[in-house]
Amino acid sequence: MSSLPRTIRNIWRSGIKDTIWQLATVGDTKAGRLVGTDKFGNRFYQNDEEELPLRTRWVKYKNFYGDAAEIEPGWHAWISYATDNLPTDPIYHNAGFEKWGKPLGFNPTQSRGAYKPYSTVKPKVAPWEPKVAVRG
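Under my numbering, the residue at position 70 of the sequence shown is numbered 57, and the numbers go up by one with no gaps.
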């Protein structure tokens, strides 16, 4: 958690509405400059002046319950400090993130569209089947 003077300074910079959003989602107040937005509507911020090392970049997810699977590969590399180049830079397009396969979409885990494997192995125990005797 931030110190009281830092929290007041961030409230002054970000505004009350954004501060309440940050406290509800991140649990801390942050202020910085907007560096970009991805195709899902997530906004990415950076503040190199006041933040601790490796806490200078953060994302404000479009929905309240953000999921890291909803970040594009280029932005994920930037926010995890794998690269300092923004995905909007021309050098990014030579990195090959977009050539890796299908376009990104919704992560279907815990939904009806989730992958459900099936077993091709013969079961070790056969289910019980009742045997009916003929009455005579």
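Quick reminder that beta carbons are idealized off the backbone N, C-alpha and C, glycines included.
For residue i: DSSP bridge partner residues
i     : result
VAL46 : PHE31
Closest Cα partner of residue i within the set the options
i      : options                        : result
ARG124 : LYS4, LYS26, SER98 and LEU39   : Because the chain in this structure spans residues -12 to 123, residue 124 falls outside the shown range and cannot be described.
PRO28  : TYR48, THR16 and THR96         : First, the residue type needs correcting, since residue 28 is Gly and not Pro in the sequence shown. When each option's Cα is compared against that of GLY28, the closest is TYR48.
ASP71  : ALA56, ARG99, VAL112 and LEU41 : LEU41
Separation of residue j from residue i, as counted between CA atoms
i      : j       : result
GLU116 : PRO110  : 15 Å
ASP1   : ARG20   : The residue asked about is misnamed: residue 1 is Ser in this sequence, not Asp. Near 10 Å, if we compare the C-alpha coordinates of ARG20 and SER1.
ARG30  : VAL22   : 8 Å
THR43  : LEU(-9) : 19 Å
LYS26  : GLU57   : 10 Å
CB-CB length for residue i against residue j, believed under 8 Å
i       : j     : result
GLY53   : PRO74 : Going by Cβ atoms, the distance from GLY53 to PRO74 rounds to 18 Å, so no, they are not a contact pair.
ASN(-3) : THR16 : 4 Å
Subject >> Three or more C-beta pairs below 8 Å linking the stretch 28 to 40 and the stretch 6 to 15 >> reply: no
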